[in-house]
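Q: Residue numbers (the working numbering), protein chains in the order written: chain A, 1 to 590; chain B, 1 to 322; chain C, 1 to 555; chain D, 1 to 289. Glycine included, every Cβ here is placed at the ideal spot set by N, Cα and C. Just so you know, these numbers come straight off a predicted model, no measurement behind them.
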Amino acid sequence: MTPADQLTTGRPRPEVALTVQNLRVGFGAPSAEDAVRGVSFEVRAGECLAIVGESGSGKSVTARSILGLAGAGARVRADELTLAGESVLGLTEPAWRRRRGRDVGLVLQDALASLDPLRPIHREIGDSLRLHTRLDATERSRRVLEVLDAVGLPDPHLYAGRRSGELSGGQRQRALIAAALVLDPPLLVADEPTTALDVTVQAQVLTLLQRVRSEGTAIVLISHDLAVVSRIADRIVVMHDGRIVETGTTAEVLGNGRHSETRRMLAAVPVDKPRGARLAPATETRPAGPALVADRPAVPADPRNRATPAVPLVAPAAPPATPGAGLALEAVGLSKTFRGPHGTIHQAVDNVSFRLQRGSTLGIVGESGSGKTTTARLALALTAADAGEVRLLNEPWSTLPERDRRARRPLMGAVYQDVLASFDPRLNVREILQQAVTGPASAGRARGRRSSAARRGEAARVGSLLDEVGLASGLLERRPADLSGGQRQRVGIARALASRPQVLICDEPVSALDVSVQAQVLDLLDELQRELSLSLLFISHDLGVIQHVSDEVAVMHDGRIVETGTAAEVFTAPAHPYTRALLAAVPRLI
Amino acid sequence: MADQLTRARLGGLGRRLAGAVFVLWAVATVTFFAVRMIPGDPAEAILGGPGSQTSPEALAAVRAEYGLDQPLLLQYLHQLGRLATGDLGQSYALNMDVGPLVVSQLGGTLVLALLSLTVAWLIALLLATWSTGRGRLARQIGSGLEIVAAALPHFWLATTLIVVFSIWWGVLPPISTADARGLVLPVVTLAIPLAGFLGQVMRESLTAALESPFVLSARARGESERGVLWRHALRHAALPAIGLSGWAFGSLISGAVVVETIFARPGLGRTLLNAVTVRDVPVVIGVVMIVALVYILMTVLTDLASRLADPRPTTSGTGAGA
Amino acid sequence: MPRPGILRSAPRSATLAVLAGTAVIGLALTGCTSAAPTGDTATAVEGGTLTYASGDAEPTCLDPHVGGNYPQALVSGQFLESLVSLDSDGTVIPWLADSWTVSDDGLTWEFTLKDGVTFTDGTALDAAAVQANIAHLQDPATGSSTGYLALAKVTGTEAVSDSVVRLTLAQPDSALLESLSQPWLAIESPTALERSQDENCAAPVGTGPFIVDSWVKQNAITLVRNDDYTSPPADAAHDGPAYLDSIVWRFIPDSASRYAALQAGEVDVIDNAQPDTITQAEASDTIVHLDAPRPGASNRIELNSGKAPFNDAAVREAFIRSANVDDAVASLFQGSAARSYSALSSVEPLGISRPDLFDYDPDAAAALLDEAGWSEKDSDGYRVKDGVRLTVVFPVSTNQSIPAEQSLFEQIQATAKETGFDVQLTKLDLSSWYTALGSNAYDAVSAPYTKVGPDVLRILFDSAGITPAPSGYFANHAQLSDPELDSLLAQASATNDADTRADLYADAQDIVLEGFYILPLYDQQNHFLLSSAVEGARAMPTVSTPAFYDAWLTS
Amino acid sequence: MSELEIQVAAGVDTAGGAKTAGRGRVTAVEVIAGLLAALLIIAAIAPRLLAPGDPLAIDPRAAFGAPSWTHWFGTDESGRDIYTRVVDGAHDSLLIGLTATVIGLGLGAILGVIAGTLGAAVDFTVNRFLEVLFAFPGLLLALLFILVFGPGPGSAIVAVGLSTAPGYARIIRAQLIRVRSSAFVEAATVQGLSRRRILTRHILPNTLAPLLVLGTLGVGQAIVWAAALSYLGLGAQPPAAEWGAMLSAGRTYITSAWWMSFFPGLFIVLTAVCATALGRSIERRMRHA
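1. Could you tell me the alpha carbon to alpha carbon distance between A:GLY359 and A:ARG500, rounded to whole angstroms?
2. Please look up how many angstroms separate the CB atoms of D:VAL224 and D:ILE171, rounded, as I've assumed it's under 8 Å.
3. If you follow the alpha helix (DSSP H) that A:SER452 is part of, which residue opens it and which one closes it?
4. Assign A:GLN417 to buried or exposed, taking buried as 16 or more other Cβ atoms, counted over all protein chains shown, within 10 Å of its Cβ.
5. For a cutoff of 8 Å on Cβ pairs, would you count B:ILE410 as touching chain D?
6. Going along chain D in order, which residues have a C-beta closer than 8 Å to the C-beta of A:LEU183?
7. Can you find a C-beta in chain C that's less than 8 Å from the C-beta of D:GLY22?
8. Can you find a CB in chain D that lies within less than 8 Å of the CB of B:MET96?
9. How would you list, in chain order, the residues of chain B whose beta-carbon sits under 7 Å from the beta-carbon of D:LEU212?
10. Which residues, in chain order, does the segment 112-128 of chain A contribute to contact with chain B at a C-beta distance below 8 Å?
11. Along the beta strand (DSSP E) that carries C:TRP100, what are the first and last residues, could you check?
12. Using DSSP's beta-bridge definition, name the partner residues of C:ARG339.
13. Just checking my contact of B:VAL187 with B:VAL119 at CB under 8 Å: how many whole Å lie between their CB atoms?
14. For A:GLU458, collect the residues of the same chain with a Cβ closer than 7 Å to its Cβ; drop the 5 residues on either side in sequence, then sort them by chain order.
15. Beta carbon of A:PRO538, beta carbon of A:VAL549: below 8 Å?
16. Could you list the residues in the segment 371-384 of chain A with a C-beta less than 7 Å from some C-beta on chain D, going in chain order?
17. Going straight from the alpha carbon of C:ALA313 to that of C:LEU50, what length do you get?
18. Could you check if A:HIS240 is buried or exposed, using at least 16 other CB atoms within 10 Å of its CB as the buried criterion?
19. Looking at chain B, which residues of the segment 263-293 of chain C have a Cβ within less than 7 Å of any of its Cβ atoms?
20. Beta-carbon separation of C:ALA132 and C:LEU193 under 8 Å?
21. Compute the minimum distance between the beta carbon of D:ALA156 and the heavy atoms of the ligand ATP, and state whether it is under 7 Å.
22. Is B:ARG279 close to chain D, meaning its C-beta is less than 8 Å from at least one C-beta of that chain?
23. Which one or two residues does DSSP pair with D:THR75 in a beta bridge?
24. Please report how far the alpha carbon of A:GLY152 lies from the alpha carbon of A:LEU209, in whole angstroms.
25. Interface residues of chain B around A:ASP110 at Cβ under 7 Å?
26. Listed in chain order, which residues of the segment 49-83 of chain C have Cβ atoms closer than 7 Å to some Cβ of chain G?
27. Could you pull out every residue in the same chain whose Cβ sits closer than 6 Å to the Cβ of C:GLU158, ignoring the five residues on either side in sequence?
28. Which residues, in order along the segment 358-375 of chain C, keep a beta-carbon less than 8 Å from a beta-carbon of chain D?
29. Please state if the CB of B:LEU185 and the CB of B:LEU115 are separated by a distance shorter than 8 Å.
30. Using a cut-off of 9 Å between C-beta atoms, extract the partners of B:GLN200 located in chain C.
31. Roughly how many angstroms lie between the CA atoms of A:THR600 and A:ARG235, to the nearest whole one?
32. Where C:GLU348 and D:ALA43 are concerned, what is the direct C-alpha to C-alpha distance, given to the nearest angstrom?
33. If you count every other CB in all the chains shown that lies within 10 Å of the CB of C:GLN171, and 16 or more means buried, which is it?
34. Among all the DSSP beta bridges, which residues are the ones paired with C:GLY147?
35. Considering C:CYS201, what are the terminal residues of the alpha helix (DSSP H) in which it resides?
36. Mapping DSSP to helix, strand and coil, what is C:TYR52?
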C-alpha cells in the first residue's frame, strides 16, 4: 500500500456519526412481518461497527435504511435515525439526496457490478462532486485523482480513465471505496465489501478500511463472516431474524458470545478447527426424523441440544481411515491450455501432479484463476489434458476412451459448487436419485422393462441415500429449484454417492452456502467419508475450509502446484512465499 | 500481445468481409435458382405472360437477348459475373436497367426506414422511461402497450391511420407529398409496431439496469432518479435495442412493402411487390440483392454501434445476421 | 388490389381494331358540375398544376407504339396526338390531318397534314414524319402489338408532298380512320424516334399540349405545358396553348388512398374510382364524377358450352335464372353502373338488349334443372346427377375484375347455391388465369374486351375463336360453335349496307343471348372523379382516355 | 434476430419481473388472455355456437350496414354479417397461423438440432445457411417463395413457415448449445451415461421444452404475417372468411365502411396479443414448475 495522502479532508466530524433507535422496516402488505424489527445501535466517529448475520437476518435492509434506500415498497419507521447529528426521519427524497454521498457513503459487495461498467471510474467518482459541490471540472478531476491515489490505486492518471471491467478485483474495489470517500463523509456503510474477493485482495481492502476508520470516519460494516469483521470491527452486532440478538465489543462477542446464534456462527467457522471437529450441532448434520427437513430448524430451546463448538468427534490427531492402502487418484504432469477469444493462449494448468491416498482428503487451494477448477475437470476426465495422465485406483483413467471409461465412471462421484445447475431442471429429487442409482447399467437393459423387484430395490436405495445425507423422504417429489441451498447440496451429495463411488471430487462444494449451512455440509462430508471410506479431492478457494477438511494440501497458483504437504505442514510451516502470503491474509477469529 | 490482438482483430475483419461476400453470393445463387423454378417460360414472362400472343420469332429473339438459350450453368455464371461488376440486368417489365432502378428506389426506402427507426426509438424510450419505476400498474400498462403495438399489422394500422387522419379529420395526406407531411403517416405506421418490439427489450433491460448494484451506488451518491435514468440506466437499456437495429431494418423493409404500396410512396418495397406480382425476375433479384447488401451493412454498423456504446471487451456482439 | 394495367390491357388493346364509323362513345356526366367542354372559355384561368392519380399500373414505356396498352394511352394522350379523332357522335374529325381522301378501290389513302405544326423538339410535322411513325410501328424491333395489328393491311407509305402522305393498303380497310384515331398510333417526332428505345420510352416527343418533363419511376411523371401548341383536335373548346402550367401524373395503386388523396385535395383527378367512392362523390359538392364507359363488349359471364354441365342449354338457362344479378349490381355499384342485358357495350348503337331473357327466377331455374336430370340434391344442398355434383368452376382474374365485380361473383355464387349450383370461385393472378382458360379448366369466366364496333362479336363468338393461338390464348370463352352464327358474322363484316349489317348483327346477338351462352352484367366501367376545381376536362370520344387540354383550375 | 427472438428475450425478463406476482397466482392478464383464447378456439371449432348465422349468406339490401344491434360489426358489401364472418374466420386464420408455425417450428427444430448435435462441420454449414436466410429479412423470403410457387393460401402458409424457420432454428440451436454445455449434462457424463442417452434423456427434452412457448408466441406473429400476405393479395382470397382476406376486401371500401376492415384487423391484433400473453404465461409457469 502506498503511503498516500490523507484519505480524509479534515472535515470536522460529529461526535456521533449515526444513531439508530428502534428501527423497523417492512415490505409488502402492512400485515406482513417486518424484515427488521426494532434495531438500535450507535456509531461514533472513528469507530467501526460490524453487523453480522446470515442471509435473511435483516442486516442489509438495516444498512440500506441508513441511506434511505430500503426500496420503493419499504415502510421504514424508527424512534430515532440521526445521521451526522441531524435527524433523517421522514426526509423527502430530495432532502435525502442532498445527504447521500455527503453525509454517508456506501460501498457494495461486487465492485464490477457496483460501478457502472460503461463509464470510466473517474466519472463515477466525480459524480458525487458534481452533485454536491460547485467544483469545476478541473478541480473535480484533481480531487478524483487525489482520492484514487489515497486509496492506493497505482498510477491514478492511467486508471482513472478505465472502466470497472478493465480493472482487477482489488483495483475496482478501491475505486468503489474512493467513490464513497470522495466527499469525505463522516460515515461509511460497507455492505459485504470483501465477499467475492480473493483472500489476499480481501486483506488489502480490510487494511484500507482500517485506515479510513483510523482517520476518523465511522464505518458500518455488514458481513456474514465473523472472521472478516474480527479484523477491523470495534464492536459487533449480531442480527438474526430482523433483531439484534447480541451486541458487544469484538473481543466480547468472539470470545464470550452468549446467544446461541452467535455461538453457532462461531462454531461454524472452519478455520483453525481441527480435522474431524464438528462445525454444526449433530442434529443439524443429519436431522433424525421427517420433521427436520429444513436447513435450520428453529433454534432448539433445550440446552442439551446447544451447539458445542470445536469439540472433536474423534481425536483430532487420529489419522484418516486406512491411509496408505493405495492410491485412489493420481495425476502426473497434467497440462492444459485454452485458446482465448483473440487467438491468445492461456495456460490453465501447467504440469500438475498430485496423489490422493485412499480414504483420505486432498485439498487443492488457490485463488480465482489458479487453475483448480480445470484440474477438477481433468480429474473427472471431462476435458482431455494436453499432457499428463490421471490414474484411478492404480488403473488408467484419463487415457481411456470415453466408451471404456463409462463403465468405471461409477467409481468416481462429483459434488459441484452450483449444484442447482447440475440438476436437470425437469427432474424432481426422486428422478434425479433414481437415475443416479440406475446409472449407466440400465442403458444395456431393455428400456422400461426392469423387474418390479429391481424397481423396489431402487426405491429402497433412493430412500437410504436420503437417509445418508440427512434429508426427509418428504422432499422426494420436490424439484431442486424449490429446495434451500443446503438441501440442494445434500441432494447433490446423495447423487454422487448413488453409484457407491470410491473417489469424490468436490469442486467448491460449500462456497455458495451460508456459514452455518456450510458447517453442516462439511460435517456431513466428513461423516460420509468415514462411513464409506471415501477418498476426497476437495477444491476450494477458502483456506479455512481446506485446512479443516484436508489430510494433505496442494496450493495452486497460476496453473502450477507451488506447494504440497500434509495439512499440518502446509498450514504451520509454509515453504513457498505464495503460501505464506495466502496464510497471512486469511481472516481468523481474533 | 498487442500485436497478437491487432492481428486477431484484422483477422476478424477479414472473416467478416469474407462472410459478407459469401452471404451475398449465396443470396444471388439461391435467388437465381429459385426463380428458375418458376413454372413457365421466362421469355414469355418477358413478353408479358402467356396471354400476350407472342410469336415464336419474338420468343427466340428474347431468348437470345437475355441469354436464355444458353445452358443453365452458363447463365448462372454469367449472372454472377454481371453481379460482380454491379450489373443487375434488365427488368422484364420496366424496360430499364435494374441497377439504376433499384438505386433510385433505395433512397426513399432508406429515408422512410431510418426516420421510422428514429421515431420508434423515441417512442420506445419514452414509453420505457415513463413506465419504469412507477410501480406495477405503470409497468403493466407499458408492457401491455408494447405487446399490442408489436402485434399491430402494418396494413391495418396504415388503413386505420388513413381513415382517422386523412378521411375523418383531413389533417394529414394519405399519400407521399413533396413536403414532409406525407411522411408522417407512413413513418408512424412503421414506427409503432417496431417501437413495441424495441420497447419490450428496452424496458426489460432498463428494469434490470435499475435494479443493478451500480444504480444503487449512484443513488447512494445522491443521484436523482432522473440522473440515474439518463446517466446510467438508459445507456444500458439502449444496448440490446442497438443490437436489434439490424433486425429492425429488415423488419422495416418488410413493412415498406406494405406501407409504400398503401401510401403510394416510391421505394424498394413497392418495387418489389410490383415485380413479384408481374414476376419481373431481374427486379426481384436486384431488390433482394440490394436489401441483403444493405442488411449486411446494417448489421456491421449495428455491431460497431454496439461496440461504441459498450466498449467492454467481453461484448458478445448481437448475433444479428451473423 | 388495384388492377395492374400492364397485364390487363395487353390482350384487350391488342385487338382494338376499329370498324368503320360505327362507334359512338358516350360521355355521361353526373354530379352537379359539368366537366365537359362548355365553351365557357372566357372564364378559363391560366396556370396551375393539376395532379392526376392513376390506379392503373405505371407504364413501362411512355411511347404507346411500344406494346400499346391502356395505361400508356391514358398518359400519352396528354403529349402525343393522332392524325384524326372522333367527335362525341362518333364521327371522324380532323386532328393532325386536316383532310383525307380514299381511292375508289379503298386501297390508297392520302392525308393532308395541318400546316405549321412542329414537334416539341422543333422537328416539323411533315409527310416524312408520318412515314417514319408508320415504319416505327411496323418495325418488329419496336415491339408494337396494338399499332402493329391496326396497320396490318398497310403495305406502303409515300410522301406525295411535304404535307401530303399516301398510304397503300393490301385490302380495303374501312376501319383505318378509327385505327388511326387511337392513341396507340399517335404521331411522334421522327428525330426523337431515332434515339434508343430506352430514351424514347422515357420521354417521347410529340405535338401535344404538354411535354414530358421528367419521369421518376414508381412515383410520378411531370408534364409541362407546350407553349407553342397549335394543333388541337377539331372538337376542342379553345385554340392555342393549354391553360394548365403542368400536370403531375402519379400512380396510386390503392383505391382507398387514391380517393382519400382526392378528398384531402392532394390530387385533382383520379381514375378507376370504386363504386362506393362514386356514391360518396355524388353526395359531395367538391368532387365531380365523370363516367366514360369503354366501347366493345359488355362485362359479362361467359358459360363454357364446350363441356358439361354447360353443354346443356337448359343448365345454362337455369344458371342464368338462378343468379340474382340485379340486386347485386344495385347494392355493389350503388347506381354507378346500370344492368346490361346485351352482349355489347351500351355505347354501341347496334347492340340489342333482351331484359326478358335474364330475369332472376329461381323457381324456373329449379324446374329447368329437374327436367335436365339434375333433380337430386346432396347433403350440402347441391344438385347431383349420376353421382356428379353440379359444379361450376369459375376462375376470376384479380387483375381484370375490380373488387366490386369480385363481390358480384360472390353474390351470384350465393344465389346460385340456393338453386343447387356449386359455384367454385378461384381468384387467380393473370398468368394462372390464362393457364386455367388455356387448359379448358373452367365452366364460367368473365373477360372484358374492348373494341370499337359490333365486330367484337366475331372475335368473341366465331367458332374459329375456340382454337387457341400457339400461346394458348383464345377469345371464344363460351366455346360457342354454331355455323349459322359464323356465317351471320362473316356476312355482317363484309356488307357495306348499314341496315343489312344492323339486321345481321341483331340476328347474331339473338343467337348468343337466346342460347344463354353469356350472362350480361353491365358496361365496362371507366369512372373518373375530379375535384370541382377542375373545369373543362373531358374523356376523349375515342377510347375514353382523359384530356386536359381544355382543362383549368378555378382558384 | 427475429420477432420471435425478441419476444422470447423480452419474455424471459418479463417472467423474471413477474416474480412479484408469485408462481401460481393467476394474473388478470392471464384470465383475459385465457378467456379470449377459449373463445377463439370455440370459434375455430364450433363457430355456430358463437354466431349462429351463415357467414356466406348474402343480403344485398343490407349491404354496407354500419355496426348496429342486429349486426354488431356491421355488414359488408354483399350484406354478409361481419361478426359472423369474423367468428367464422377464426378457423382459417388460426389454422393458417398454426400450420405455418408448425412448419416453421418443425424446420427450425430440425435445423437447430442438426446444427447442435452433428458436430462442428454441420454446425458451421447450418449456421452459414441460416445467415443466408437471415439476409432475406422479414417478408422477403416469403415473397420470393410466392414468386416461385405462385400465390394462394397454401403458398402463404409455407412461405410464412419458411421465413420464420431461421428464427426458430437459431433459438433452438442456442438453447441446445446452452443445454449441451450445462452443468447437468456434465453431471450426467460424470455418472457414466452414454452420449446417446444424455442426448435423448437430457439434451433434447430440455432443448425442446420451450417449443410450446415458442409456438404460442409464434402463432401470433404467423397470423399477422399470413394476414399481410393475404392483404397483399398473395394469400387467402375473399370471400374466404380469413381475417387478412376480409381486411383486404374491406380496404376497398375503407372510405365509406371502415368497419369492414377494422374488425377483422382488430381480431388479428387481439389474437396476436393473446398468443403473446399466453406464451409468456406458459413460459413463466414452466420456469417455476
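A: Here's the rundown:
1. Note on geometry: alpha-carbon atoms of A:GLY359 and A:ARG500 lie some 14 Å from one another.
2. Not quite, the Cβ-Cβ distance comes to about 19 Å (not below 8 Å), so this is no contact.
3. 452-468
4. Looking at its Cβ environment, which holds 16 or more other Cβ atoms inside 10 Å, A:GLN417 is buried.
5. This structure does not reach residue 410 of chain B, given that chain B is present from 1 up to 322, and the question cannot be answered.
6. Residues of chain D passing the Cβ test: none, with the nearest at roughly 34 Å.
7. Residue confidence for D:GLY22 is low, a pLDDT of 46 falling below 50, so the modelled location carries little weight; the figure read from the coordinates is stated next. Judged by the 8 Å Cβ criterion, D:GLY22 is not in contact with chain C.
8. It does not; no Cβ of chain D falls within 8 Å.
9. Residues of chain B passing the Cβ test: none, with the nearest at roughly 19 Å.
10. ALA113, SER114, LEU115, ASP116, PRO117, LEU118, ARG119, GLU124, ASP127 and SER128
11. Counting along the chain, the beta strand (DSSP E) containing C:TRP100 begins and ends at 97-102.
12. Looking at the DSSP assignment, C:ARG339 forms a beta bridge with C:TYR522.
13. Confirmed, Cβ separation roughly 6 Å.
14. GLN434, VAL437 and THR438
15. For clarity, residue 538 of chain A is Phe in the given sequence; the question names Pro instead. Yes. Within cutoff.
16. LEU380 and LEU382
17. 53 Å
18. buried
19. Those would be GLN263, ALA264 and GLU266, in chain order.
20. yes
21. This structure lacks the ligand ATP; in fact it carries no ligand of any kind.
22. yes
23. Paired residues: D:ASP81.
24. 12 Å
25. Correct list: PRO213.
26. Absent here is chain G; the protein component of the structure consists of chains A, B, C and D.
27. ARG166
28. none
29. no
30. The premise fails here: B:GLN200 is roughly 31 Å from chain C at the closest Cβ pair, so nothing lies under 9 Å.
31. Any property of residue 600 of chain A remains undetermined from this structure, which presents chain A solely from 1 to 590.
32. Each residue's alpha carbon lies about 51 Å from the other.
33. exposed
34. Paired residues: none, contrary to the question.
35. 197-202
36. strand
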